[in-house]
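Undergrad: In the order they appear, the protein sequences are chains P and H.
For the first sequence, counting from 1, position 163 maps to 163 in our numbering; every step adds exactly one.
For the second sequence, counting from 1, position 105 maps to 105 in our numbering; every step adds exactly one.
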Amino acid sequence: MKVLWPLLILFIIGAAWGLSDNNASLLGGIEIDSPYAVLYISSAFILLSATLGAVFISFDGISRDRISGVLEIKLSQPISRRSLGGSLILGHWAAIALPTCLLSVVAIVIIGERMGDYPSLGEVALYLGATMLVLLWYTLIQLIASSWADDMGSSIALGMGSWMLFTLLWLLLTTVVAGLLGVAVDQTSNPEWLQIQALMDLLSPNGLYHLLLEIPLNEVDRGVNTPVVVLFAVLWTALPTWLLLRRLQYLTP
Amino acid sequence: MSSVGYRHRINTPRKTNPWAKSYAQGIHDIDLVIPKSSIMGLIGPNGAGKTTLLRIITGLYKQQSGTIDLSLAERRQKTGFMPEQVRWEGRASVAESLKEILLMNGLDSLPEKLLQIVGLAKRADTPLDELSQGMRQRLSLACALIGDPEILVLDEPMNGLDPLAQRAFAELLRKLASKGVAIIISSHQVAGMIDLVDTIALLHRGQLLIQGDVESVAKKLDVGQKIAISGSGIPPEGMEKDGNGWKGVLQGDPGELITAFQNQGLEFISPQPIDLVEMITAATGLSIEDTGLELSSSDMIPLKKWGEEE
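1. Compare the beta carbon distance of P:L75 and P:L243 with 8 Å and say whether it is the shorter of the two.
2. Below 7 Å CB to CB, which residues in the same chain sit around P:D60 once its five sequence neighbours on both sides are set aside?
3. Report the residue from H:P254, H:L266, H:T259 whose alpha carbon sits nearest the alpha carbon of H:K247.
4. Can you give me the start and stop residues for the beta strand (DSSP E) that H:D213 sits inside?
5. Determine the DSSP secondary structure at H:W246, reduced to helix, strand or coil.
6. Residues of chain P with CB closer than 9 Å to the CB of H:V86, please, in chain order.
7. How many angstroms separate the CA atom of P:I96 from the CA atom of P:G53?
8. Is the number of C-beta pairs between the segment 22 to 36 of chain H and the segment 177 to 185 of chain H that are closer than 8 Å three or more?
9. Just the C-alpha distance for H:G106 and P:P78, rounded to the nearest angstrom, thanks.
10. Using alpha carbons as the reference points, say which of H:L152, H:L221, H:P236 lies closest to H:L276.
11. What in chain P is Cβ-close to H:N105, meaning under 8 Å?
12. What are the boundary residues of the alpha helix (DSSP H) that P:M152 is part of?
13. Taking 8 Å as the threshold (beta carbon to beta carbon), is H:Y61 in contact with chain P?
14. List the residues of chain H that P:P253 touches, going by C-beta distances under 9 Å, in chain order.
15. Quick check: the segment 14 to 27 of chain H against the segment 87 to 101 of chain H, are at least 3 beta-carbon pairs closer than 8 Å?
16. Can the beta-carbon of P:A272 be found closer than 8 Å to that of P:I12?
17. In the DSSP assignment, find the unbroken alpha helix (DSSP H) run with H:V4 in it and report its ends.
18. With DSSP collapsed to three states, give me the class of H:A228.
19. Tell me, which residues are paired with H:G134 by DSSP?
20. What first and last residue would you give for the alpha helix (DSSP H) that runs through P:D65?
21. Which residues mark the beginning and the end of the beta strand (DSSP E) in which H:Q272 is found?
22. Select from H:S216, H:S187, H:L53, H:G59 the residue whose C-alpha is nearest the C-alpha of H:G206.
23. Please name the residue or residues paired with P:G122 in a DSSP beta bridge.
24. With H:A165 as the anchor, note down where its beta strand (DSSP E) starts and where it stops.
25. Find the nearest neighbour of P:S104 within the set P:L90, P:W5, P:R81, P:G116, judged by alpha-carbon distance.
26. Have a look at P:V185 and P:M164 and give me their C-alpha separation to the nearest angstrom.
27. Mark H:Q211 as exposed unless 16 or more other C-beta atoms lie within 10 angstroms of its C-beta, in which case mark it buried.
28. I'd like to know whether the C-beta atoms of H:P45 and H:L196 end up nearer to each other than 8 Å.
29. Leaving out five residues before and five after H:I319 in sequence, what residues of the same chain have Cβ atoms less than 7 Å from its Cβ?
30. Rounded to the nearest angstrom, how far is the Cβ of P:L47 from that of P:T167, given a contact under 8 Å?
31. What's the call for H:I10, buried or exposed, on a 16-neighbour Cβ count within 10 Å?
32. From this set, H:A48, H:T199, H:M239, H:I117, which residue's C-alpha is nearest H:T284's C-alpha?
33. So H:I101 contacts chain P; which residues on that side make the cut at Cβ distance below 8 Å?
34. Among all the DSSP beta bridges, which residues are the ones paired with H:G80?
35. With a 10 Å radius around its C-beta and 16 neighbouring C-beta atoms as the bar for buried, classify H:K281 as buried or exposed.
36. Among H:I194, H:K241, H:G5, H:A24, which residue has its Cα nearest to the Cα of H:T12?
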């Protein structure tokens, strides 16, 4: 956490401070005309810092104990595997979610004070809720990967690999899918491309995070209904949780 | 437990399937009785299935065949398990690590006596990274003792302990056994085990070859009490020369040996402890080298009192 705090402060507080400046301008003529718009755009910095924090905290959440032999002791305790899994998820998620939540609240105050206008309570709740969810998804992905890893090398590879896939390579994958479906990928305003991008985003925690944050933005319509976005958010929470608990049920040292 | 069997799956990557798995040897048809208030030595060559059996007893593995009187949950509840060589590491302290295990047992306060018993009372606030291997072993033992287990399962507990700590550890086990705890101990350091265990179970290639108290097992395997004798003068038949006299080790009744050798310069007679390695080699047909057993002894160090801090 000593490493993560400066990273989180720099990205979350820094983004709020910079983007809430009245003279701030973004490439592509994107306008920042409301406090929520600042929050929406600064969510990109959450994906570059807090999700990386979730990876750092959870990538060896199980494999480290397995490698050291401590897992053998923990698994032989009377606690049920379900409760053990629940505490693993809660512990690792809270370790990154609480600092991120705290800094996000500070960021909201900074935005409100600098712009003279605060986002509504509903917008704040959506922003914080979606941020907590994306961190939970990353925590779950990392813990599942960690339960498969037999050594520290594969832990790191699986952890960083999944983060890079969703953060850096997903757009490339989306482009490939669009190309295979015969959709022109050189026009980013093409409605077909936008829809494929939105559909692919449903399959990525980062993309789904943005789709959730886009719900109150009337000017953004990528062709995916809100109930579908909410359904995928539920699935992204329930399925990895079920998978991890099932892995733990049959996990051997 | 009766007719218990378990085969775990191990990675056997092939060119066509790098994730291929196949069944390991495992254990078969194990009928084992774990008596209360006694220390059972689980012995056998490398790869005999000792750790697999211990993991079944502790509830880490669910048996694939056979029956065990206690359910999986009951085994986890009633068993304290000390695995082989746990590398405790991290910035958490000894006390914090123990509290985590306590919480998993539904307990919330760390009993001071627990740290005293394992000799870590002065190390409660020491980070795990700063512990020696011996201290890590003690911490693992402390974890096993949490919740006053009825069965204590110890896999290679002497590894990493200095001879002094090994003696204190043995005393602690005897004390626990006298309080009604059933103790199962698996160790490669068989030289010291014969004085520690009340019964032995001999495992080989996943099968339980023999189980019982040490004397009866030794008798069944015909590796009973041995007597060292020595004397002066010309070595009798079968004895080796030793300086100006002779010496040898025989199996038999001490009285008969005295009678047989008294006219041949017999000066010294000493009963030898039953040799567990000999038992294993007799039961399995393996040579000592093949068994992978360690023959180190810690008898040079004086005995410490139980619970004493080092």
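Idealized CB from N, CA, C, for every residue including glycine.
Treat the numbers as computed from the prediction; the structure is a model and nothing was measured.
TA: Here's the rundown:
1. no
2. S146, M152, S155
3. H:L266
4. 207 to 213
5. strand
6. S68, G69, V70, E72, I73
7. For P:I96 and P:G53, the gap between their C-alpha atoms comes out near 6 Å.
8. When C-beta atoms of the segment 22 to 36 of chain H are compared with those of the segment 177 to 185 of chain H, three or more pairs fall below 8 Å, so the two segments count as touching.
9. 8 Å
10. The residue with the shortest Cα to Cα distance from H:L276 is H:L221.
11. Q77, P78, I79
12. 152 to 164
13. yes
14. R55, L60, P83
15. no
16. Limits of chain P in this structure are 1 at one end and 253 at the other, which puts residue 272 of chain P out of reach.
17. H:V4 -> not in any alpha helix (DSSP H); beta strand (DSSP E) instead, spanning 2 to 6.
18. strand
19. Partner(s): none; H:G134 has no beta bridge.
20. Note, P:D65: alpha helix (DSSP H), 63 to 68.
21. 266 to 272
22. H:L53
23. According to DSSP, P:G122 bridges with nothing at all.
24. Where H:A165 is concerned, there is no enclosing beta strand (DSSP E), although the alpha helix (DSSP H) it sits in stretches over 163 to 178.
25. P:W5
26. 22 Å
27. The C-beta of H:Q211 has 16 or more other C-beta atoms within 10 Å across all chains shown, which makes the residue buried.
28. no
29. Nothing about residue 319 of chain H can be read from this structure; chain H reaches only from 1 to 310.
30. 6 Å
31. It counts as exposed.
32. H:A48
33. I73, K74, Q77
34. H:L152
35. According to the sequence shown, residue 281 of chain H is Thr rather than Lys. It counts as buried.
36. H:A24
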